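Asks: Following this message is one structure expressed as structure tokens.
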Amino acid sequence: MPSKNANHGLKPAKNSVEPNYVLVIHGGAGTMSRERSTPEQRTAYRAALSRALKAGYNVLKQGGEAMDAVVAAVSINSGHGAVFNNAGKNELETSLMVSKPPASHPAMPTSRRGSSVTLITRTRNPSHLARALYLAPELAPHPMLSGATAEAIGASLGVRQVDPSYFWTEARWREHRRGLGLPEDPVQYPRPESPGDTDSETTDVASFSDDKDNEVWEPLDLMPTGTVGAVALDIRGCIAALTSTGGKTNKLVGRVGDTPVMGCGFWAEEWKRDGGFVKRSWDRLRGKSKYEGVGVSGTGDGDYYIRRAAASNIARRMQYLGESLAEATQNVIDDLFNEGGMGGIIALDKDGNVALPLNCGGMYRGVIRPDGVPLTAIFFDDQLNEL
Ligand code: ASP
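In structure tokens form, the structure reads like this:
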């Protein structure tokens, strides 16, 4: 059913008396095409996107934090089903960033901004780990941590740890073997490193999401990644961006992608609007806040996102060149494309505008606003609409 929303979800509803909050998500980008998928598969993917949107929406609707909304949206899928590196292991990466400290943690230093983790092998839900580290500046003073250190701090904070075999899925394993030109059969099912430890008892601190809903999205495309991202604006004007990935299939052991690198695969920031008295008064009359802000989550070939500092460039284009969110994101996506970097970006600004440009066959994506209607799309030329 086509959406009743004339702007296809990209702009906030005009004259709305409802508070302005919005959530945008992605489930990875790639060289996908309609011809290689069935209508049933497409419906299943869009239903999964809609569930993720509603999970985050439920947080925002109750006046919850943008930070908790993005974790709720991403936790439905992240981790399980991640791609393998060239040694047949899963090394996961996740990042969380906020434009200002969440209202629930007023003592958090404004300069802290976010936390990211890389080379994660045991944390059941890496997005919970990123959130827990962000909220524990004494234990995790650095913006980025890797592997055993990040996981040990997470475990001490109650973040659930599992045996690495938890992340194994047959579809990803076959893709890894195929990619290396190795025989897929017989499939080698993983043996837990510590028998009996497939799911340790540590309680997960993140009670705002329901792990029972965890599921695997079977890949539609030729370049599946198992990446998920979310950006939310809450009613207090805080923007949060969260991205979680297994990285690129058959990446080198130890490779770090754009997802945990601040400014490359993700960004969230607010800054004071420029201009003299007249401009500021005009902005006020148009209902604009004193601050401008943006949140970004990227997906695609992260090596290119790193080389171009893609995510923070969007903020700088808006701030220094006066570009709109739509212009800035499109320019960054075009620059990536011109260098051979395939992918997509989801982003929103402080006024609730949303942009989801991509330079490849498709990106699983969706938007939800205060009306609670999840709008989703998959392929390059799809309009966002209701399933
Ligand atoms: N950007 C991720 C990486 O390169 C992969 C993805 O977005 O699917 O690690």
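Per the UniProt record's numbering: the sequence shown = residues 1 to 387.
For each residue, glycine too, the CB sits at the ideal point set by N, CA and C.
Model, not experiment: these values are computed from the prediction.
1. Can you find a heavy atom of the ligand ASP that lies under 7 Å from the Cβ of residue 257?
2. Can you give me the start and stop residues for the alpha helix (DSSP H) that residue 329 sits inside?
3. With a threshold of 7 Å (Cβ to nearest heavy atom), would residue 28 be considered close to the ligand ASP?
4. Label residue 278 either buried or exposed according to how many other C-beta atoms from any shown protein chain fall within 10 Å of its C-beta, with 16 as the threshold for buried.
5. Residue range of the beta strand (DSSP E) that residue 26 falls in?
6. Using the Cα positions of residue 198 and residue 159, report the straight-line distance between them to the nearest angstrom.
7. How about the stretch 339-357 and the stretch 290-306: do they share at least three Cβ pairs that are nearer than 8 Å?
8. Name the residue from 300, 287 and 127 whose alpha carbon lies nearest to the alpha carbon of residue 264.
9. Less than 7 Å separating the Cβ of residue 254 from some heavy atom of the ligand ASP?
10. Using 8 Å as the cut-off, can you tell me whether the stretch 329-338 makes contact with the stretch 57-72, which would need three or more C-beta pairs spanning the two stretches below that distance?
11. Is the closest heavy atom of the ligand ASP to the C-beta of residue 263 under 7 Å?
12. For residue 84 and residue 373, I'd like the C-alpha separation in whole angstroms.
13. Any chance the stretch 88-108 sits against the stretch 232-243, with 3 or more Cβ pairs inside 8 Å?
14. Counting beta carbon pairs with one atom in the stretch 112-127 and one in the stretch 136-156, are three or more of them shorter than 8 Å?
15. From what residue to what residue does the alpha helix (DSSP H) around residue 168 run?
16. Rounded to whole angstroms, what's the CA-CA distance from residue 50 to residue 28? Just pull it up for me.
17. Rounding to the nearest angstrom, what Cα-Cα distance links residue 192 and residue 163 in this structure?
18. Please find out if some non-hydrogen atom of the ligand ASP comes closer than 7 Å to the beta-carbon of residue 335.
19. Tell me whether the stretch 182-190 and the stretch 163-173 touch, counting them as touching only if at least three CB pairs, one residue from each stretch, are closer than 8 Å.
20. Within 10 Å of its beta-carbon, does residue 148 have 16 or more other beta-carbons around it, so buried, or fewer, so exposed?
21. With a 10 Å radius around its C-beta and 16 neighbouring C-beta atoms as the bar for buried, classify residue 222 as buried or exposed.
22. What number of angstroms, rounded off, separates the C-alpha of residue 34 from the C-alpha of residue 356?
23. Using the C-alpha atoms, what's the distance from residue 247 back to residue 186?
Replies: Let me spell this out:
1. Correct: residue 257 has its Cβ closer than 7 Å to the ligand ASP.
2. 325-338 is the extent of the alpha helix (DSSP H) around residue 329.
3. Checking every heavy atom of the ligand ASP against the Cβ of residue 28, one is found closer than 7 Å.
4. Taking all protein chains in view, the Cβ of residue 278 is surrounded by fewer than 16 other Cβ atoms within 10 Å, so the residue is classified as exposed.
5. Residue 26 -> beta strand (DSSP E) spans 22-30.
6. Here residue 198 scores only 46 on pLDDT, less than 50, and its place in the model is too uncertain to base an answer on.
7. Judged by Cβ distances under 8 Å, the stretch 339-357 makes contact with the stretch 290-306, as three or more pairs qualify.
8. Measuring from the Cα of residue 264, the nearest candidate turns out to be 300.
9. No.
10. Verdict: no, contact absent.
11. For the ligand ASP, not one heavy atom lies less than 7 Å from the Cβ of residue 263.
12. Rounded to whole angstroms, residue 84 to residue 373 spans 35 Å at the Cα level.
13. Judged by Cβ distances under 8 Å, the stretch 88-108 makes contact with the stretch 232-243, as three or more pairs qualify.
14. Because the criterion of three Cβ pairs below 8 Å is met, the stretch 136-156 and the stretch 112-127 touch.
15. In this chain, residue 168 is not harboured by any alpha helix (DSSP H), its DSSP state being neither H nor E.
16. Going from the Cα of residue 50 to the Cα of residue 28 covers about 15 Å.
17. Each residue's alpha carbon lies about 6 Å from the other.
18. The answer is no for residue 335.
19. They touch, by the three-pair rule.
20. Answer is exposed; the Cβ neighbour count stays below 16.
21. A caution first: residue 222 carries a pLDDT of 34, below 50, which makes its placement in the model too unreliable to give a value.
22. Here the C-alpha atom of residue 34 lies approximately 19 Å from the C-alpha atom of residue 356.
23. Distance from the CA atom of residue 186 to the CA atom of residue 247, rounded to whole angstroms, is 25 Å.
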